[in-house]
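Protein chains in written order, with the numbering used here: chain A, 22 to 301; chain B, 22 to 301.
First the structure, in the form of structure tokens, and then the observations on it.
Written out as structure tokens, the structure reads:
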């Protein structure tokens, strides 16, 4: 599970055309798949495309509608559609009727017909730190890519607003993507990157962290419909149970961009060792 | 994150009525929440209720329709409804319009008004070993419970058929639930339990395992609708990349009930240590 490969694919064939200027021939540029969970029209994905579009050949495949909170959902019971759209200028882009995870699967199998060199997801409108990584469609798309042996990163800004200022997020998303392209990555790498809602010159830098044990305490709002029947809206209060200074929640509260490397082997090895003794 | 508490809640008040026979007073019995992702009418959940109904006070809250592949999806954009239903005889049961994770959240906040002592999910029609743990609504419900500090287990049978034989699964689900009730559990315990499709006397016993690196290789089926437009169905071939004899896939192929303890701290600590050096 831990073979290294450089993200930047090296094509050994000599370019046939002379390469004038600083643009590499298309076949030498890394292929970067971009998706999100807020939908293809969200400002966050526009900002991510703008931040990295000169770093590789970009393909966008993103949901046609918001898919927040979809986690690692896939579509089994009905078919999916893709629609080529023109929303990022010259960049090839498709909207998809499925979930963020469906977008990654379909992009690889039916659009790219190969694994991209990198997959990026976001920039999400709202935090995906701590336990949110599990509920997040943004992060699940990135995790799906890593399962498929495509190094990936999900990006989220701690601002739900549609008019959020993405300038700090853009600066650091670009720095992180360049780092990923310039150094060999384990093919199962997934980074969960969150940005405090600060302008670029107020951000203190990048902090590599662990996932905080912090979560929402649910409190459903109960209402009556016009026919007198109850219905419930999910609400909740965010509570941090984790006092560590090495967590994503701490980093974000202190002005750092948090980077949590994520795994998809969910085995709890300590508990496994205990149960092997207890259940003999 | 690792405080121990006994699953069986001890209520110290002396029972007011004399307890004749072997049934404990209701207030001393552990409260067991049961859910699934195949929907409240699926044979799998009926079999799980039957297997454990005398081990505690059972409450069922399950989706009103199949929710396979929903992963850890939650419902944010629209409200949820609960409907009291009479499908398990004397046992209190509700169908819910949401996902399996929604069912757990709603059950705790609006039905039980307390944390149950144990949460069980399944028995799923179909395998949730290896990477399936990430896509599975059955397992996500169990993981949600553990996030909420409720020890839990998800159960799945390697047979998708609606007429599947659950007799072996029932026998071992009961054994495992008894083990969980009889020994103190970490409040964040989640067990991913899978059963080979074998009758009780052909099962070799329980094997505590790690999650195999095995996954589906996607291959979408492309079709044309009556208007000539393309649509795609998710299909795929299961491939095991993991040759270990300590995995859930190995256990199941060799006639054992597989038990993988699951964690929800997704931090990849090895990669975190590497990045801390590399990105300094």
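Glycine included, each C-beta is placed from N, C-alpha and C at the ideal position.
*asked:* Short of 6 Å in beta carbon distance, which residues of its chain neighbour residue 42 (chain B), apart from the five on each side in sequence? Order them along the chain.
replied: Low local confidence applies: a pLDDT of 41 at residue 42 (chain B) is under 50, so the model's placement there is unreliable, with the coordinate-based value given in what follows. Closer than 6 Å at Cβ, skipping near neighbours: no residue.
*Do residue 84 (chain A) and residue 57 (chain A) have their C-beta atoms within less than 9 Å of each other?*
Yes, Cβ-Cβ distance for residue 84 (chain A) and residue 57 (chain A) is below 9 Å.
*Would the segment 267-277 of chain A and the segment 256-264 of chain B be scored as touching if the rule is three or more Cβ pairs under 8 Å?*
The segment 256-264 of chain B and the segment 267-277 of chain A do not touch, with fewer than three beta-carbon pairs separated by less than 8 Å.
*From what residue to what residue does the alpha helix (DSSP H) around residue 71 (chain B) run?*
Boundaries of the alpha helix (DSSP H) harbouring residue 71 (chain B): 64-73, taken from the DSSP string.
*Backbone secondary structure at residue 179 (chain B) - three-state DSSP*: If DSSP states are grouped into helix, strand and coil, residue 179 (chain B) belongs with coil.
*Is residue 33 (chain A) helix, strand or coil when you go by DSSP?*
In this prediction, residue 33 (chain A) scores a pLDDT of 39, lower than 50, which makes its location untrustworthy; no coordinate-derived value is stated.
*Starting from residue 127 (chain A), trace the beta strand (DSSP E) both ways and give me its first and last residue.*
Note, residue 127 (chain A): premise wrong, no beta strand (DSSP E); alpha helix (DSSP H) at 121-127.
_Contact list for the segment 68-91 of chain B against chain A, Cβ threshold 8 Å_ = For the segment 68-91 of chain B, which is checked against every Cβ of chain A, the residues closer than 8 Å are 87, 89, 90, 91.
*Does residue 159 (chain A) get closer than 9 Å to chain B when you measure Cβ to Cβ?*
No, because no Cβ of chain B sits closer than 9 Å to the Cβ of residue 159 (chain A).
*Partners in chain C for residue 132 (chain A), counting only beta-carbon separations shorter than 9 Å*: Chain labels in this structure do not include chain C; the protein chains are A and B.
_Would residue 43 (chain B) pass as an interface residue toward chain A - the criterion being a Cβ-Cβ separation below 9 Å?_
With a pLDDT of only 45 at residue 43 (chain B), under 50, the local geometry of the prediction cannot be trusted, and the value read off the model is given with reservation. No, residue 43 (chain B) does not count as interfacial toward chain A.
_Proximal residues to residue 74 (chain B) (C-beta, below 7 Å), its chain only, five neighbours per side dropped_ = Cβ neighbours of residue 74 (chain B) within its own chain (closer than 7 Å, five residues either side excluded): 112.
*Contacting residues, own chain, Cβ-Cβ under 7 Å from residue 71 (chain A) (five flanking each side not counted)*: The beta carbon of residue 71 (chain A) sits closer than 7 Å to those of 191, all from its chain and outside the five residues before and after it, given in chain order.
*Leaving out the 5 sequence neighbours to the left and right, which residues in its chain are closer than 8 Å to residue 240 (chain B) when beta-carbon positions are compared?*
Here the set comprises 256, 257, 258.
*Determine the direct distance from the alpha carbon of residue 221 (chain A) to that of residue 245 (chain A), and round the result to whole angstroms.*
Their Cα atoms are separated by approximately 46 Å.
*On the DSSP bridge assignment, give the partners of residue 280 (chain B) in chain order.*
Residue 280 (chain B) is bridged to B:214, B:229.
_Using the three-state DSSP reduction, which class does residue 56 (chain A) fall into: helix, strand or coil?_
In this structure, residue 56 (chain A) counts as strand in the three-state DSSP scheme.
*Please name the residue in A:253, A:126, A:283, A:223 whose C-alpha comes closest to that of residue 276 (chain A).*
For the residues A:253, A:126, A:283, A:223, the minimum Cα distance to residue 276 (chain A) belongs to A:223.
*List, in order along the chain, the chain B residues whose C-beta lies closer than 9 Å to that of residue 236 (chain A)?*
In chain order, 168, 169 make up the part of chain B whose C-beta sits under 9 Å from the C-beta of residue 236 (chain A).
_Comparing C-alpha positions only, which one of B:61, B:55, B:147, B:86 sits nearest to residue 78 (chain B)?_
Measuring from the Cα of residue 78 (chain B), the nearest candidate turns out to be B:55.
_Could you compute how far the alpha carbon of residue 262 (chain B) sits from the alpha carbon of residue 152 (chain B)?_
Roughly 11 Å separates the two Cα atoms.
_When you compare the CB of residue 285 (chain A) with every CB in chain B, is at least one pair closer than 9 Å?_
Judged by the 9 Å Cβ criterion, residue 285 (chain A) is in contact with chain B.
_Give me the chain A residues within the contact set of residue 203 (chain B), using Cβ-Cβ distance strictly less than 8 Å, ordered along the chain._
Those within 8 Å of residue 203 (chain B) in chain A number zero; the least Cβ separation is about 11 Å.
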